[in-house]
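Peer 1: Mind having a look at this structure? Questions to follow.
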Amino acid sequence: DAGVTQSPTHLIKTRGQQVTLRCSPKSGHDTVSWYQQALGQGPQFIFQYYEEEERQRGNFPDRFSGHQFPNYSSELNVNALLLGDSALYLCASRRSGREETQYFGPGTRLLVL
Amino acid sequence: GNSVTQMEGPVTLSEEAFLTINCTYTATGYPSLFWYVQYPGEGLQLLLKATKADDKGSNKGFEATYRKETTSFHLEKGSVQVSDSAVYFCATGPNYGGATNKLIFGTGTLLAVQP
């Protein structure tokens, strides 16, 4: 049973560019969340998708957007990259319902130069 | 909103020593509580969880008890191994009738176990 997978594993971009990160949830999971983890910090919640809609959003600007596809996979898009966007981006999935645990992928490490 | 405070690291221990990593939380209602572990270069792995007061989560020799009266969820292990070296994150999530949505993490505690 494959867990949460993310691609790419590493990415280098320059300021002002745009980036798309991808996530495939664990089998049987329908809800996907994205987190940003800056170096030496805990993960910060970006947003969550369920039934192809953004359901909850953290304190991130509109430059951060996402999408969920009918097969429950998800993309995170970041426009107009800033140096401060350099971080590990983690995807987490869970099955909708009561007390369902979130499972994390290995992350995509983004470096903005 | 909810928040989590955990002890700063690094925590350096010798193999077979006793481990405690403190975690306290502030929250409205009755949140679920979690400990996640992050090994070097990897994502987060769920270590244990507790969903209501007085619950004890346990896994791989680690334990934590949900203490509502002290708003704490301290992580303990009786005898650590070198392979336990990692960053440990305490986290809380809202508990809207039992459905856990976004997680709020502490800043993490680096544990280094020396042979």
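From first to last, the protein sequence lines stand for chains A and B. For what it's worth, the numbering used here labels the leading residue of the first sequence as 1, then goes sequentially. For what it's worth, the numbering used here labels the leading residue of the second sequence as 1001, then goes sequentially. Built from N, CA and C at the ideal position, the CB exists for glycine as well.
Whole angstroms is fine: what's the gap from A:Gly66's alpha carbon to B:Asn1002's?
Peer 2: Position 66 of the first sequence, counted from the first residue, corresponds to residue 66 of chain A. Position 2 of the second sequence, counted from the first residue, corresponds to residue 1002 of chain B. Between A:Gly66 and B:Asn1002, the C-alpha separation is close to 24 Å.
Peer 1: Find out if the Cβ-Cβ distance for the pair B:Leu1103, B:Val1011 is shorter than 8 Å.
Peer 2: Working through the second sequence from its first residue, we reach residue 1103 of chain B at position 103. Working through the second sequence from its first residue, we reach residue 1011 of chain B at position 11. No; because the gap between Cβ atoms is not below 8 Å, this pair is not in contact.
Peer 1: Just grab the DSSP bridge partners of A:Arg164 for me.
Peer 2: Residue 164 of chain A lies beyond the range of chain A shown here (1 to 113); nothing can be said about it.
Peer 1: For the segment 1059-1070 of chain B against the segment 77-89 of chain A, do three or more pairs of beta-carbon atoms, one drawn from each stretch, fall closer than 8 Å, so that the two count as touching?
Peer 2: Not touching, per the Cβ criterion.
Peer 1: Looking at the C-beta of B:Glu1076, does it have a partner C-beta in chain A at a distance below 8 Å?
Peer 2: Here the question's residue 1076 of chain B lines up with position 76 in the second sequence. B:Glu1076 does not count as touching chain A.
Peer 1: Grouping DSSP H, G and I as helix and E and B as strand, with all else coil, what is B:Ala1099?
Peer 2: Indexing the second sequence from 1 puts residue 1099 of chain B at position 99. No answer about B:Ala1099 holds up, because its pLDDT of 47 lies below 50 and its placement is not dependable.
Peer 1: DSSP on A:Leu113, reduced to helix/strand/coil?
Peer 2: Position 113 of the first sequence, counted from the first residue, corresponds to residue 113 of chain A. A:Leu113: coil per DSSP, three-state reduction.
Peer 1: Taking the alpha-carbon of A:Leu113 as reference, which of A:Gln18, A:Ser33, A:Asp62 has the nearest alpha-carbon?
Peer 2: Sequence index remark: in the first sequence, residue 113 of chain A carries index 113 (1-based). If we check each option's Cα against that of A:Leu113, A:Gln18 comes out closest.
Peer 1: Would you mind sorting B:Val1087 into buried or exposed? The rule is 16 or more other CB atoms within 10 Å of its CB.
Peer 2: Taking the first residue of the second sequence as position 1, residue 1087 of chain B is located at position 87. B:Val1087 is buried by the Cβ-count criterion.
Peer 1: Closer than 8 Å is the cut-off here; do at least three beta carbon pairs connect the segment 1071-1081 of chain B with the segment 85-98 of chain A?
Peer 2: No, they do not touch.
Peer 1: Taking C-beta to C-beta, are A:Tyr103 and A:Gly40 nearer than 8 Å?
Peer 2: Position 103 of the first sequence, counting from 1, holds the residue named residue 103 of chain A. Position 40 of the first sequence, counting from 1, holds the residue named residue 40 of chain A. Cβ atoms of A:Tyr103 and A:Gly40: not closer than 8 Å.
Peer 1: Taking B:Asn1101 as the query, report the chain A residues whose CB atoms sit under 7 Å from its CB, ordered along the chain.
Peer 2: In the second sequence, the residue the question calls residue 1101 of chain B occupies position 101. The answer, in chain order, is Gln48, Gln56.
Peer 1: Nearest to B:Leu1047 by alpha carbon, out of B:Val1004, B:Phe1089, B:Asn1022, B:Gly1093?
Peer 2: Mapped onto the second sequence, residue 1047 of chain B falls at position 47. Comparing Cα positions, the closest option is B:Phe1089.
Peer 1: Compare the beta carbon distance of B:Asn1101 and A:Gln48 with 8 Å and say whether it is the shorter of the two.
Peer 2: Reading the second sequence from its first residue, position 101 is the one you call residue 1101 of chain B. Reading the first sequence from its first residue, position 48 is the one you call residue 48 of chain A. It is a contact, given that the beta carbons lie within the stated cut-off.
Peer 1: Examine the ligand PLP and report whether any of its heavy atoms sits within less than 7 Å of the Cβ of B:Thr1065.
Peer 2: Absent from the structure shown: the ligand PLP. Ligands present: none.
Peer 1: Taking the Cβ atom as the reference point for each residue, do A:Leu116 and A:Ile12 lie within a distance shorter than 8 Å?
Peer 2: Because residue 116 of chain A is not part of the residues shown, which for chain A are 1 to 113, the question remains open.
Peer 1: Is the beta carbon of A:Arg94 less than 8 Å from the beta carbon of A:Glu100?
Peer 2: Here residue 94 of chain A is taken as the residue at index 94 of the first sequence, counted from 1. Here residue 100 of chain A is taken as the residue at index 100 of the first sequence, counted from 1. Yes, the pair counts as a contact, with Cβ atoms nearer than the cut-off.
Peer 1: Quick one: is B:Ile1073 near chain A, going by C-beta distance under 8 Å?
Peer 2: Translated into the one-based positions of the second sequence, residue 1073 of chain B becomes position 73. In the sequence as presented, Ile is not what sits at residue 1073 of chain B; that position holds Phe. With 8 Å as the cut-off, B:Phe1073 does not count as an interface residue toward chain A.
Peer 1: A:Leu82 by DSSP, collapsed to three states: which one?
Peer 2: Counted from its first residue, the first sequence places residue 82 of chain A at position 82. In the structure shown, A:Leu82 sits in coil (DSSP, three-state: anything other than H, G, I, E or B).
Peer 1: For A:Cys91, tell me which candidate among B:Glu1016, B:Gln1045, B:Thr1026, B:Phe1018 has the shortest Cα-Cα distance.
Peer 2: Against the first sequence, residue 91 of chain A aligns to sequence position 91. Ranking the options by Cα distance to A:Cys91, first place goes to B:Gln1045.
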